[in-house]
Amino acid sequence: MDFGLQNIEDYSKDSVWMLKALEQLEKEFQSEKWTFRKPVHPETAFNDIVLQLQPRLKELINRRGAIYCKQLLYKIDVSESQIAKAAALEPETDFMEVLTKLIISRCLQKVLIRNYYKSCEKETPDKSLEQ
Numbered sequence: 182m183d184f185g186l187q188n189i190e191d192y193s194k195d196s197v198w199m200l201k202a203l204e205q206l207e208k209e210f211q212s213e214k215w216t217f218r219k220p221v222h223p224e225t226a227f228n229d230i231v232l233q234l235q236p237r238l239k240e241l242i243n244r245r246g247a248i249y250c251k252q253l254l255y256k257i258d259v260s261e262s263q264i265a266k267a268a269a270l271e272p273e274t275d276f277m278e279v280l281t282k283l284i285i286s287r288c289l290q291k292v293l294i295r296n297y298y299k300s301c302e303k304e305t306p307d308k309s310l311e312q
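What follows is the structure, encoded as structure tokens:
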């Protein structure tokens, strides 16, 4: 199963996955004590979250600076190459929106990966190392 950021678009239209991604997003910004409104419509859930996160993220970066931004992206696990690639793919889109979408996509990706490996563990019978 491929969980690359470019391959999770289908999951971004599923309200169950987006609610889990929203929980992950709140964990990522736990130090800021941010909470987000739960999206109502699955088709617009991703964009609803973008609209909530983007102004907060912009204000946070303006207040705390570029070094904090780099630390934040490192913690969330969004690389500079991912940012550059996404910005190149959407040259007409505001940089802060591109960054916001990447962060939300990464949160969704973390949720999907965690769920995938949990289900694999359930399917695999317990085997001791001595067998």
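So in this note's numbering, spot 39 of the sequence shown is number 220, and the numbers just go up one at a time.
All C-beta atoms, glycine included, are put in the ideal place defined by N, C-alpha and C.
Quantities reported herein were computed from a predicted structural model and do not represent experimental measurements.
(message) Tell me whether the segment 189-200 and the segment 285-303 touch, counting them as touching only if at least three CB pairs, one residue from each stretch, are closer than 8 Å.
(response) yes
(message) Can you tell me whether I230 is buried or exposed? The criterion is at least 16 other CB atoms within 10 Å of its CB, across all chains shown.
(response) buried
(request) Measure the Cβ-Cβ separation of F227 and M199 and say whether it is below 8 Å. (result) yes
(message) For K291, tell me which candidate among N188, Q205 and V197 has the shortest Cα-Cα distance.
(response) Q205
(message) I'd like to know whether the C-beta atoms of L238 and L280 end up nearer to each other than 8 Å.
(response) yes
(request) Compute the distance between the beta-carbons of I189 and L293, then report whether it is under 8 Å. (result) yes
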